[in-house]
Amino acid sequence: MALPEVKQSATEARLLALTLPESGCLKAARQAALSRVQTMGLPSRRDEYWKYTKPDTLVQADAPKAAVFHADEVPMFNAFERLNIVFVDGVFDAEASDHLEIEGLTIDRIEDICCKDIHWAKDLYGVLEARGQTPVERPLAALNTAFASDGVAIRVTGKVSKPLNFTYVHSDENSDAILHHVIRVESGAEVTVLENGPAASRFNKCMEIDIADGGTMHLVRAQGRDHERRAATHLFARLGTESVFKSFTLTVNGVLTRNEAVIELTGDDAVAHIAGACVGDGDFHHDDTVFITHDAVNCESRQVFKKVLRNGATGVFQGKILVKEGAQKTDGYQISQSLLLDDDSQFLAKPELEIYADDVACSHGSTSGAIDEEGLFYLRSRGVPHAEATDLMTLAFLAEAVDEIEDAEIAADIVSRLEGWLARRR
Amino acid sequence: MLEIKNLQVKLEDEDKQILKGLDLKVEAGKVHAIMGPNGSGKSTLSYVLSGRDGYEVTEGSATLEGEDILELEPEERAAAGMFLAFQYPVEIPGVGNMTFLRTAVNAQRKARGEEELSASDFLKEVRAKAKTLKIDADMLKRPVNVGFSGGEKKRNEILQMAMLEPKLCILDETDSGLDVDAMKLVAEGVNALRDENRGFLVITHYQRLLDHIKPDVVHILANGRIVKTGGPELALEVENNGYAGILAEEA
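Listed in order, the protein sequences are those of chains A and B.
Going by this note's numbering, the first sequence opens with residue 252, and the numbers climb by one from there.
Going by this note's numbering, the second sequence opens with residue 19, and the numbers climb by one from there.
What follows is the structure in structure tokens.
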């Protein structure tokens, strides 16, 4: 079927501004992804999946300018041992990065996949993204697979002693970055991956994660504080038997963020937890779109999303649990909540369950509310000033999502970032 | 210490007068009890004094050591030395009891220009005080009042009172929802805080609590006014004859 004309021309305009990278063995994968983009067309406001979030600035040919924000504070995830991998405006910075060698895993840039003949990466690149295109199209992810200019391939073979820490530096106010990472966690292996920083004025990031039987991966992201930055990220994860994937995302500021997570539980007894906390003030639009497919027996999935919104900020949540036929004993949980600190802010939620098995437990809930006045008065009556009491109540609201982070040090880092944000806005 | 003169209060949302010219004086070192039937204005009095929204003072004044408290924010009243033990302590999911206590203690100290308590000094003090109230380490760690039994909530109020060392303590129906043993424990906690510099205003329906917290003065509040004041024997009279008897007498 031909695309509507507006969509067709917007897609063509965007594609004209891009060149397909020379990439030898990945050429077929990139070509296939490009065809997917051409067939689907890039998102437009009329698409059901983009009903609550305007994709225009994510799609337009050039990235809208975004001022670089200089914060005089300690970088995230600075207090503990980690392996640093640094990208500046979407380009790997070897100087700023650590020597990428650590026991239990290998890291290579995607441009080296072919010359080093890294079979697993060649076989994974674009595969989970392509699988994630049904039943809902995600054209920006296909665009990423086709045009990603950098990224890494990580293979985890053992229990890695310290976290990998991706730092995405934004230095050019016109930067437009497309990064694609592929991660394979082998059977019984375990790794923690951290990501922080805005990356670019406009950032399109895709992460494909394949976790083999009994593998474990923790992912904690902090998306950077640059006020004008825009980001569309995709997380595609496939989980094998008894594997575990837990992710948490913190978003403070950023004019537009769309975080999609597409999780497939393909092996029995697998566990996937996807959580997020965001705080937005003013010109802030934050969208969490999650699609979890249960395709095996006795798997557990958990979605916990909390948004604090003020001064006209907007939060969106589209979360779906699909339980396929035969995925018995599924335990699915989904909660999305917003704390609206004034009448101008809004939260749009679309929780969905689609279940084709008859022995499952799935629950979902979504709420929007103001700060609990009773609790506020109680705190104040004990001498806690109004602003401090409001912050305490706000952090308490976010706690359920932050609690999803298993590592106490990492969680403490996230909390202190939130405390700083709140304190600056009193 | 606390002086209330001709206090008249109505509900903000509806045109309903609750307190109709209440006069009351609580001296330092004394325990005053206020008794009264349902709807007489007992809880309104405690809320107006602590600064809760929803009430409008139309007439009269309330001062704490000469300072007009009705003009102050709730946290300023707390820093000035006022404490209300809630009839229904509020549950606050996500805020740890210990964090809450430390924040409150230090906020008040800061407001008074005193130095904040160090983490270790605070911990020492809270542990010692919690022990006498039979509050275990687990209760201190849990979110404020969440999943606490009725007795635990009231003991937690008294712990806050002990930590904050207020000048004036208002106890709003602290006996409600308590069994005999829990009531004794709470009363012991309150009695331990009695001293010559601190005043108490104990609001209750029943004489029962006053067996354990012996009042110096008992007031009967009815229809928004203090209608009778006497010694501890007045509480016994209520117990024996009910409010109806006393009110008929006064009418």
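A virtual CB, placed ideally from N, CA and C, is assigned to each residue, including glycine.
Keep in mind it's a predicted model, so treat the numbers as computed, not measured.
**Request:** Using a Cβ-Cβ cut-off of less than 8 Å, give me the residues of the stretch 609 to 636 of chain A that come near chain C, in sequence order.
**Result:** Included in the structure are the protein chains A and B, with no chain C among them.
**Prompt:** At a cut of 8 Å, does the stretch 354 to 371 of chain A reach the stretch 408 to 418 of chain A through at least three beta carbon pairs?
**Reply:** Flag = yes, the stretch 354 to 371 of chain A and the stretch 408 to 418 of chain A touch.
**Item:** Assigned secondary structure, residue 552 of chain A (DSSP; H/G/I helix, E/B strand, else coil)
**Value:** In the displayed model, residue 552 of chain A falls within a strand according to three-state DSSP.
**Prompt:** Closest to residue 457 of chain A by CA distance: which of A:542, A:486, A:480 is it?
**Reply:** Nearest option by C-alpha distance: A:486.
**Prompt:** Applying a beta-carbon distance threshold of less than 9 Å, which residues of chain A neighbour residue 70 of chain B?
**Reply:** Result: 628, 632.
**Message:** Is it buried or exposed, residue 302 of chain A, if we count other Cβ atoms within 10 angstroms and call 16 or more buried?
**Reply:** Using a 10 angstroms sphere on the CB of residue 302 of chain A, the tally of other CB atoms stays under 16, which defines it as exposed.
**Request:** Answer yes if the stretch 77 to 87 of chain B comes into contact with the stretch 613 to 630 of chain A, meaning at least three C-beta pairs across the two stretches below 8 Å, and no otherwise.
**Result:** Cβ pair count under 8 Å is below three, so no.
**Asked** From residue 169 of chain B to residue 197 of chain B, what does the alpha carbon distance come to, in whole angstroms?
**Response** Approximately 8 Å between the Cα atoms of the pair.
**Message:** Quick check: what's the CA-CA separation for residue 673 of chain A versus residue 642 of chain A?
**Reply:** CA-to-CA, the gap between residue 673 of chain A and residue 642 of chain A works out to about 6 Å.
**Asked** At which residue ranges does the stretch 89 to 152 of chain B contain complete beta strand (DSSP E) runs of 3 or more residues, listed in the order of the chain?
**Response** Along the length of the stretch 89 to 152 of chain B, whole beta strand (DSSP E) runs at least 3 residues long occupy 100 to 103, 110 to 114, reported in chain order.
**Item:** Outcome for residue 263 of chain B when other beta-carbon atoms lying within 10 angstroms are tallied against a minimum of 16
**Value:** Exposed.
**Request:** List the residues of chain B whose Cβ lies closer than 8 Å to the Cβ of residue 647 of chain A, in chain order.
**Result:** Residues of chain B with a Cβ closer than 8 Å to the Cβ of residue 647 of chain A are, in chain order, 110, 111, 112, 113, 161.
**Prompt:** Under 7 Å Cβ-Cβ, which residues of chain B neighbour residue 507 of chain A?
**Reply:** Going along chain B, no residue has its Cβ under 7 Å from residue 507 of chain A, so there is no contact; the nearest lies around 29 Å.
**Request:** Please report the residue range of the alpha helix (DSSP H) in which residue 397 of chain A lies.
**Result:** Start and end: 390 to 398.
**Prompt:** By Cβ distance below 8 Å, which residues in the same chain neighbour residue 172 of chain B in space, the five residues on each side in sequence not counted?
**Reply:** Once the five neighbours on either side are set aside, the close Cβ partners of residue 172 of chain B are 103, 107, 192, 195, 196, 200, 204.
**Prompt:** Within this structure, are the beta carbons of residue 571 of chain A and residue 542 of chain A separated by less than 8 Å?
**Reply:** A contact, by the Cβ cut-off of 8 Å.
**Message:** Considering Cα atoms alone, identify which of B:34, B:51, B:267, B:58 is closest to residue 73 of chain B.
**Reply:** Nearest C-alpha to residue 73 of chain B: B:34.
**Message:** Here's the rule: buried if 16 or more other CB atoms are within 10 angstroms of the residue's CB, otherwise exposed. What is residue 271 of chain A?
**Reply:** It counts as exposed.
**From A:360, A:327, A:430, residue whose alpha carbon lies closest to that of residue 662 of chain A** = The option with the nearest alpha carbon to residue 662 of chain A is A:327.
**Item:** is_contact[residue 102 of chain B, chain A] using C-beta, thresh 8 Å
**Value:** With 8 Å as the cut-off, residue 102 of chain B counts as an interface residue toward chain A.
**Prompt:** Is it a yes or a no for the stretch 453 to 471 of chain A touching the stretch 432 to 442 of chain A, going by three-plus beta-carbon pairs under 8 Å?
**Reply:** Segments in contact, yes.
**Prompt:** For the stretch 163 to 188 of chain B, which residues have a beta carbon sitting closer than 9 Å to at least one beta carbon of chain A?
**Reply:** Taking 9 Å as the cut-off between beta carbons, the residues of the stretch 163 to 188 of chain B near chain A are 163, 178, 182, in sequence order.
**Prompt:** Using 8 Å as the limit for Cβ to Cβ distance, is residue 93 of chain B near chain A?
**Reply:** So, interface residue.
**Inter-stretch contact at 8 Å, needing at least 3 Cβ pairs: the stretch 515 to 531 of chain A / the stretch 554 to 563 of chain A** = By the Cβ criterion, the stretch 515 to 531 of chain A is in contact with the stretch 554 to 563 of chain A, since at least three pairs of Cβ atoms, one from each stretch, lie closer than 8 Å.
**Item:** residue 618 of chain A classed as buried or exposed, judged by whether at least 16 other C-beta atoms fall within 10 angstroms
**Value:** For residue 618 of chain A, the number of other beta carbons within 10 angstroms of its own is below 16, and it is reported as exposed.
**Asked** DSSP three-state call for residue 584 of chain A: helix, strand or coil?
**Response** Here DSSP, grouped into helix, strand and coil, assigns residue 584 of chain A to strand.
**Item:** Members of the stretch 145 to 157 of chain B near chain A, C-beta cut-off 7 Å
**Value:** Residues passing the 7 Å Cβ filter: none.
**Asked** Do the stretch 121 to 138 of chain B and the stretch 58 to 76 of chain B meet, that is, are 3 or more Cβ pairs less than 8 Å apart?
**Response** In short, these stretches do not touch, since the Cβ pair count stays below three.
**Message:** So, for residue 584 of chain A: in the same chain, excluding its five sequence neighbours on each side, which residues have a beta-carbon less than 6 Å away from its beta-carbon?
**Reply:** 553, 614.
**Request:** Could you list which residues in chain A have their beta carbon closer than 7 Å to that of residue 105 of chain B, in chain order?
**Result:** Within 7 Å of the CB of residue 105 of chain B, no CB atom of chain A is found; the nearest one sits about 12 Å away.
**Message:** Is there a Cβ of chain B sitting closer than 8 Å to that of residue 655 of chain A, yes or no?
**Reply:** Against chain B, the CB of residue 655 of chain A has no partner CB under 8 Å away; the residue lies outside that interface.
**Request:** Could you tell me the distance, in whole angstroms, from the CA atom of residue 451 of chain A to the CA atom of residue 315 of chain A?
**Result:** Taking C-alpha positions only, residue 451 of chain A is separated from residue 315 of chain A by approximately 11 Å.
**Asked** Of all the CB atoms in chain B, is at least one closer than 8 Å to the CB of residue 643 of chain A?
**Response** Residue 643 of chain A has a beta carbon lying within less than 8 Å of a beta carbon in chain B.
**Prompt:** What are the residues that DSSP puts in a beta bridge with residue 238 of chain B?
**Reply:** BP columns for residue 238 of chain B point to B:53, B:246.
**Prompt:** Near residue 454 of chain A, which residues of its chain fall below 6 Å by C-beta distance, leaving aside the five closest residues on each side in sequence?
**Reply:** For residue 454 of chain A, where only same-chain residues beyond five positions count, the Cβ hits under 6 Å are 428, 482.
**Item:** Below-8 Å beta-carbon distance, residue 62 of chain B vs any chain A residue
**Value:** No, residue 62 of chain B does not count as interfacial toward chain A.
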